[in-house]
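Visitor: In full-length UniProt numbering, the protein residues as written are 1 to 205. Glycine residues also receive a C-beta, built at the ideal position from the N, C-alpha and C atoms. Okay, handing you the structure first.
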Amino acid sequence: MPAILAKKLGMTQRFLDDGRVERVTVLEAGPCPVTAIRTHEADGYEAVQLGFGAVREKALNKPLLGHLKKVDAPPVKTLVEFRDEAGELVVGDTVTVETFEVGQTVKVSGVGKGKGFQGTIKRHNYASGPKSHGSHNKRAPGSIGASATPSRVFKGIRGPGRMGGKRVTQKGLTIVELMPDRNLMMVRGSVPGSKGDTVEVRTDA
């Protein structure tokens with residue numbers, strides 16, 4: 001189950017050999033140095049830790065910088081562990097887009113775009129009320145509980161609040177094209193996050 005870290009560059013379209021047009025998201029995937037291997041014996045679980053996003057040494061604190069220098073890895077901004085991903089990888093290896101294949105199905109995880117404080121119609125797809133004849137309930141959420149019994153509002157009521165800005169995983173995305181010389185991966189459809197955000201790409205297995 002290959003995995004890699006990538007930066008979302010944006011969306012575009014590609015014309016395939018059969019004339020079809022694919023709407024794709026362009027990801028700058030890797031290269032990701034392997035900075036640690038977790039094992040059952042030492043850590044209680046199996047995982048591989050990948051680094052991504054080259055930065056200056058000045059941008060890192062000393063514990064993180066020491067961890068990277070210990071395994072001869074370059075200064076990187078992001079470290080992420082992928083469970084059960086170790087396989088034949090060892091510390092010092094580098095994961096690139098060549099780990100994946102065109103036509104492979106992947107899932108992409110990242111932090112979705114924040115949309116601020118929203119009402120129930122936008123946040124939970126509530127229906128709006130009548131808009132004419134003096135209605136005072138155009139976009140109000142409606143009743144949220146009785147008065148005497150139970151004299152409170154139950155937990156979990158869907159109401160207004162902050163929308164977005166949470167971790168999202170988009171599954172079932174197909175790899176349309178790989179450009180190993182430029183570390184680019186193009187997947188069909190949209191992925192979570194804004195342009196420039198770091199996302200996790202894993203095979204959808």
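Do you know whose CA, among Leu-184, Gly-44, Val-153, Lys-69, lies nearest Gly-142's CA?
Guide: Comparing Cα-Cα distances from Gly-142 to each of Leu-184, Gly-44, Val-153, Lys-69, the minimum goes to Val-153.
Visitor: Thinking C-alpha only, which one of Tyr-45, Leu-68, Ala-6 is nearest Phe-52?
Guide: Among Tyr-45, Leu-68, Ala-6, the Cα nearest to that of Phe-52 belongs to Ala-6.
Visitor: Per the DSSP calculation, Lys-7 is bridged to which residue(s)?
Guide: Glu-28, Thr-198, per the DSSP bridge assignment.
Visitor: Restricting to Cα atoms, I'd like to know which of Val-168, Glu-98, Gly-165 is closest to Cys-32.
Guide: Comparing Cα-Cα distances from Cys-32 to each of Val-168, Glu-98, Gly-165, the minimum goes to Glu-98.
Visitor: With DSSP as the reference, identify every bridge partner of Lys-107, one or two as the case may be.
Guide: Looking at the DSSP assignment, Lys-107 forms a beta bridge with Arg-202.
Visitor: Quick one: give me the first and last residue of the alpha helix (DSSP H) that Leu-79 is part of.
Guide: Looking at the DSSP string, Leu-79 is not in any alpha helix (DSSP H); the run it does join, the beta strand (DSSP E), is 76-83.
Visitor: Would you kindly work out how many angstroms separate the C-alpha atoms of Asp-197 and Gly-103, rounded to a whole number?
Guide: Approximately 24 Å between the Cα atoms of the pair.
Visitor: Please classify Thr-96: does DSSP put it in a helix, a strand, or coil?
Guide: Three-state result, Thr-96: coil.
Visitor: In whole angstroms, give me the CA-to-CA distance for Val-55 and Lys-122.
Guide: Computed Cα separation, rounded: 38 Å.
Visitor: Taking the alpha helix (DSSP H) that Ile-175 falls in, what are its first and last residues?
Guide: No alpha helix (DSSP H) contains Ile-175, which is instead part of the beta strand (DSSP E) from 167-179.
Visitor: Figure out for me which residue from Leu-184, Val-176, Arg-83 has the closest Cα to the Cα of Tyr-45.
Guide: The shortest Cα separation from Tyr-45 among Leu-184, Val-176, Arg-83 belongs to Arg-83.
Visitor: Consult DSSP for Leu-50 and reduce its assignment to one of helix, strand or coil.
Guide: If DSSP states are grouped into helix, strand and coil, Leu-50 belongs with the strands.
Visitor: If I measure Cβ to Cβ from Leu-178 and keep anything under 8 Å in the same chain, skipping five residues before and after, which residues do I get?
Guide: Once the five neighbours on either side are set aside, the close Cβ partners of Leu-178 are Val-97, Glu-98, Phe-100, Glu-101, Val-102, Leu-184, Met-185, Met-186.
Visitor: State the beta-bridge partners of Glu-88 as determined by DSSP.
Guide: The partner list for Glu-88 (beta bridge, DSSP) is empty, contrary to what the question assumes.
Visitor: If you draw a straight line from the C-alpha of Glu-28 to the C-alpha of Arg-182, how long is it?
Guide: In a straight line, the C-alpha of Glu-28 is about 8 Å away from that of Arg-182.
Visitor: Taking the Cβ atom as the reference point for each residue, do Arg-167 and Val-108 lie within a distance shorter than 8 Å?
Guide: Cβ atoms of Arg-167 and Val-108: not closer than 8 Å.
Visitor: Could you check the C-alpha separation between Leu-89 and Thr-39 for me, to the nearest Å?
Guide: Distance between the alpha carbons of Leu-89 and Thr-39: 12 Å.
Visitor: Please classify Arg-38: does DSSP put it in a helix, a strand, or coil?
Guide: Strand at Arg-38.
Visitor: How is the alpha helix (DSSP H) around Thr-66 delimited, first residue to last?
Guide: Checking the sequence shown, residue 66 turns out to be Gly, not Thr. Where Gly-66 is concerned, the enclosing alpha helix (DSSP H) stretches over 62-70.
Visitor: Tell me whether Arg-23 sits in a helix, a strand or coil according to DSSP, three-state version.
Guide: In this structure, Arg-23 counts as strand in the three-state DSSP scheme.
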